[in-house]
Amino acid sequence: MINCSNDIKTSIIIVKSISNGFMYDKSISFPYIHMVQKIILFLSLLLSLSALAETWKINDDHSEISFKIPYLKITKVNGRFTKFQGEVDIKGTRLSSIKILISTSSIFTGNNIRDGHLKSSDFLKVKEFPHITFISSSVELISPKQYLAKGNLTIKDKTLPHQFQFELSEIIQDTWSFQNRFAKFKGKIKRHDFGINWDKSLSDNQYLIGEEIEISGQFQLQPNNQTTPTHKFMIPDTKFTRAKDRINRGEEIELPPSQPVVHESSLKEKPSPIEPDIQDMVIPGDKPSELDRNLTWWIAFLVLGMFGFMAAIGGAYWIKFKLSLSTNNEYSEEKAMGILSDLLAIALITVYAIAFWFVGWNG
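Under the numbering used here, the first residue of the sequence shown carries the number 186, and numbering increases by one thereafter.
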């Protein structure tokens with residue numbers, strides 16, 4: 186039997202010894218001291234592990250970085266960056282650090298001429314400065330799920346302290362059992378601070394482009410090396426794939442009723458074809474007539490058409506040549522055989538012209 190009163194007394198002595206900063210007391214036997222050391226070491230390891238931050242990567246499939254800049258004082262030009270990457274560290278449920286890298290050449294405003302100007306030395310100078318970066322130095326929780334990230338923002342050759350507001354969601358599991366968080370953000374940048382000074386003056390001493398740029402967007406965040414593959418979104422949405430996804434998530438599904446046993450007598454009857462469910466059919470994409478026919482497509486089409494036309498002319502002459510040989514040198518354009526050869530040549534070229542029109546314009 187264990188003497189409970191002695192154990193309690195010993196525990197009190199151990200607590201007093203630890204509180205006084207001593208790891209050894211002569212009134213306590215060595216095995217107890219050794220046990221306490223192990224417990225303290227184990228607890229310190231648990232605390233250190235719990236303090237480790239988990240890294241979540243940005244998945245750009247469902248992320249965006251957009252901006253707005255005033256134009257002519259009354260409207261705003263909207264744009265975005267289409268290529269970026271980054272990561273955040275999360276300790277427990279709290280955001281602890283942020284790193285973002287943006288490709289400046291991916292700027293897009295919907296106007297090729299304007300985009301080219303923004304990439305030039307008047308603005309971002311993308312050939313010399315291919316990236317915009319933001320690296321946080323501190324992240325402060327200002328309200329539930331709301332954070333203020335302070336750090337260094339680098340645009341072109343300028344690195345300045347800056348801050349952005351972030352809102353972090355809870356963990357959400359997608360259809361394929363991958364974990365997701367979403368971080369919304371917003372902030373403002375004064376472009377002259379970063380050496381983006383190009384402008385045109387207006388009649389009332391105002392300027393064409395505003396000074397303050399609004400930055401906003403959202404990031405889809407997923408644990409490192411646990412990103413939902415992009416091809417998952419391309420799988421047709423069918424009853425089978427929905428059932429499979431529910432099984433993968435651990436959900437219960439209703440199985441279809443078992444089929445009746447087929448007897449030999451019923452095998453003689455030809456079963457009726459099963460009509461496909463329209464929900465299970467894979468609908469093709471664009472019709473040929475709806476394809477985006479760009480300059481490359483038209484050049485290829487016209488080159489092929491030229492070769493086809495030359496082949497049709499050559500075929501017509503070949504027909505006339507063969508007919509002339511079959512008449513033992515009595516061939517004449519005014520006679521029936523000459524007229525027939527002309528009609529055949531015209532028919533061949535007409536068929537080719539109709540086919541060329543059908544493929545190129547009618548779709």
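Quick reminder that beta carbons are idealized off the backbone N, C-alpha and C, glycines included.
Kindly give me the distance between the Cβ atoms of residue i and residue j, rounded to whole angstroms, as I take these residues to be in contact under 8 Å.
| i | j | result |
| --- | --- | --- |
| D307 | W241 | About 37 Å separates the two Cβ atoms, so there is no contact after all. |
| L345 | L353 | That pair is no contact at about 25 Å. |
Where does residue i land, buried or exposed, given buried means 16+ other C-beta within 10 angstroms?
| i | result |
| --- | --- |
| S321 | buried |
| I275 | buried |
| G395 | buried |
| Q411 | exposed |
| I298 | exposed |
| Q358 | exposed |
| I292 | buried |
| A521 | exposed |
| I340 | buried |
| T481 | exposed |
| V467 | Note that V467 scores 44 on pLDDT, short of 50, meaning its location in the model is unreliable; the coordinates nonetheless yield the value given after this. Burial call: exposed. |
| S540 | Residue identity check: residue 540 is Ala in the sequence provided, not Ser. A540 is exposed by the Cβ-count criterion. |
| S362 | exposed |
| I283 | buried |
| A501 | buried |
| L510 | exposed |
| F252 | buried |
| F506 | exposed |
Starting from the Cα of residue i, find the closest Cα among the options and give me that residue.
| i | options | result |
| --- | --- | --- |
| L309 | S288, M495, I357 | S288 |
| S281 | V311, E325, L303, K507 | E325 |
| I381 | R279, I357, A368, H302 | H302 |
| N244 | F367, F486, S323 | F367 |
| L393 | I259, F541, A540 | I259 |
| I286 | T278, G295, E272 | Per the sequence shown, residue 286 should be read as Leu rather than Ile. Measuring from the Cα of L286, the nearest candidate turns out to be E272. |
| A334 | D342, H347, S328 | H347 |
| N365 | Y332, G336, Q403, W503 | Q403 |
| T267 | T535, L529, S248 | S248 |
How would you write the range of the beta strand (DSSP E) that residue i sits in, first residue to last?
| i | result |
| --- | --- |
| D274 | 269 to 276 |
| H416 | Unbroken run through H416: none, as it is neither H nor E. |
| F244 | In the sequence under discussion, the amino acid at residue 244 is Asn, which differs from the Phe named in the question. That run of the beta strand (DSSP E) goes 239 to 256. |
| K261 | 260 to 266 |
| P315 | Looking at the DSSP string, P315 is not in any beta strand (DSSP E), and its letter there is neither H nor E. |
| Q405 | 397 to 408 |
| L280 | 279 to 288 |
Cβ of residue i within 7 Å of any heavy atom in the ligand PLP?
| i | result |
| --- | --- |
| R299 | This structure lacks the ligand PLP, and indeed carries no ligand of any kind. |
Grab the span of the alpha helix (DSSP H) containing residue i for me, first residue to last.
| i | result |
| --- | --- |
| G301 | 297 to 304 |
Counting only beta-carbon separations shorter than 8 Å, does residue i have a partner in chain C?
| i | result |
| --- | --- |
| K330 | The structure shown contains no chain C; it is built from a single protein chain. |
Quiz item: Along the chain, which unbroken stretches of the beta strand (DSSP E) at least 3 residues long are found entirely within the segment 327 to 392?
Solution: As for any beta strand (DSSP E) of minimum length 3 sitting wholly inside the segment 327 to 392, the runs are 331 to 340, 343 to 353, 364 to 375, ordered along the chain.
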